[in-house]
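Residue numbers (the working numbering): 26 to 329.
Right, dumping it as structure tokens:
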């Protein structure tokens with residue numbers, strides 16, 4: 026996740042040549058907003074795919090630590106948070122936001138270690154789906170709740186599906202609950218912190234929360250150059266790049282349309298899992314993901 030690019034004071038820019046920030050804005054303007062959302066989804070899921078591949082070398086908690094550390098470093102350089110002028114309530118909101126952010130990432134990666142990507146993301150998507158339903162409160166929303174619930178029942182390890190991990194489902198549900206809290210708190214933090222400094226502050230808090238567990242489980246392996254390089258890539262793909270793209274997309278399209286497009290994320294996760302990790306899902310699992318996607322689209326259209 027990141028803030029707007031800030032062009033440096035290099036001499037060529039003074040001579041009238043466009044800076045990197047202007048070039049990025051020009052490039053993004055050439056892409057329709059729907060294309061930007063799809064790029065953001067692809068970036069997030071590629072980051073998750075590379076993170077899961079890293080589980081062969083590090084436990085999920087250590088990979089989460091790497092991701093958050095790299096994201097906090099980049100965000101801290103681009104949008105350095107300042108506590109001056111903030112009230113205790115502002116700081117408390119930022120701390121709560123950071124704790125939720127850290128727990129959400131940790132629980133999702135623990136789910137990812139036990140479930141195929143498409144299934145983990147589909148369950149986690151119950152978080153924003155619940156927020157959308159709560160924002161609408163129409164009778165039609167009961168249909169979306171039942172549809173999403175049907176998808177989760179299809180994913181649960183009953184009978185022939187006994188290979189699915191109950192622990193993975195539990196971690197994904199915790200991630201879903203945290204995602205709902207993230208959505209609610211992000212609005213409050215956005216009102217209290219200028220620009221994207223609230224997110225930067227929250228990422229630093231998440232780093233402090235996750236560091237003891239991540240360092241304890243990862244140990245000296247965290248300092249291996251190839252691991253650090255992959256961790257930087259995961260942080261950029263999962264946080265910095267997609268957040269930048271999403272901000273630009275939201276600037277150019279209605280929030281409801283943005284939410285509908287983001288509902289495609291579970292399907293995208295399943296495709297990335299297939300292509301990058303070789304995770305082949307059964308027809309029952311694809312049907313469950315479809316239930317969650319359709320329920321998310323319907324709830325987003327109903328929300329006000």
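From the three backbone atoms N, C-alpha and C, an ideal C-beta is built for every residue, glycine too.
Given the structure is predicted, the values throughout are model-derived calculations rather than measurements.
The alpha helix (DSSP H) enclosing residue i, as first and last residue numbers
i           : result
residue 196 : 191-217
residue 63  : 58-79
residue 291 : 290-302
residue 180 : 166-180
residue 83  : Segment: none, residue 83 is in no alpha helix (DSSP H) and carries neither H nor E.
residue 129 : 113-137
residue 151 : 151-161
residue 275 : 266-277
residue 282 : 280-287
For residue i, the nearest candidate out of the options (CA to CA)
i           : options               : result
residue 321 : 242, 152, 200 and 181 : 152
residue 199 : 133, 141, 324 and 80  : 133
residue 289 : 308, 271, 270 and 315 : 315
residue 176 : 231, 146 and 227      : 146
residue 271 : 55, 65 and 57         : 65
residue 253 : 138, 90 and 212       : 90
residue 62  : 213, 136, 298 and 282 : 282
residue 157 : 93, 193, 68 and 204   : 204
residue 317 : 292, 300, 298 and 308 : 292
residue 96  : 228, 124 and 297      : 228
residue 119 : 223, 155 and 190      : 223
residue 192 : 178, 138, 155 and 217 : 138
residue 326 : 219, 173, 169 and 206 : 169
residue 104 : 308, 265 and 285      : 265
residue 304 : 60, 114, 93 and 140   : 140
residue 93  : 274, 114, 123 and 81  : 123
residue 116 : 195, 213 and 294      : 213
residue 217 : 267, 72 and 113       : 113
residue 73  : 312, 323 and 302      : 302
residue 127 : 190, 102, 87 and 267  : 87
residue 85  : 219, 71, 125 and 243  : 243
residue 60  : 135, 267, 150 and 306 : 267
residue 110 : 101, 308, 219 and 269 : 219
residue 196 : 173, 295, 294 and 150 : 150
residue 108 : 161, 226 and 67       : 226
residue 106 : 70, 159, 235 and 221  : 221
residue 211 : 171, 70, 121 and 77   : 121
residue 231 : 101, 68, 167 and 275  : 101
residue 56  : 81, 194 and 274       : 274
residue 319 : 171, 77 and 81        : 171
residue 71  : 300, 308 and 309      : 300
Rounded distance between the beta-carbons of residue j and residue i, thought under 8 angstroms
i           : j           : result
residue 262 : residue 75  : 7 angstroms
residue 201 : residue 148 : 6 angstroms
residue 142 : residue 298 : 3 angstroms
residue 255 : residue 79  : 6 angstroms
residue 83  : residue 246 : 6 angstroms
residue 58  : residue 287 : Going by Cβ atoms, the distance from residue 58 to residue 287 rounds to 12 angstroms, so no, they are not a contact pair.
residue 180 : residue 313 : 5 angstroms
residue 125 : residue 207 : 5 angstroms
residue 173 : residue 154 : 6 angstroms
residue 294 : residue 306 : Their Cβ separation, rounded to whole angstroms, is 11 angstroms, which puts residue 294 and residue 306 out of contact at 8 angstroms.
Any C-beta of chain D under 9 angstroms from that of residue i
i           : result
residue 255 : Among the chains of the structure shown, chain D does not appear; only one protein chain is present.
Legend entry - Length at least 4, wholly inside the region 219-258: the alpha helix (DSSP H) runs in chain order: 222-243
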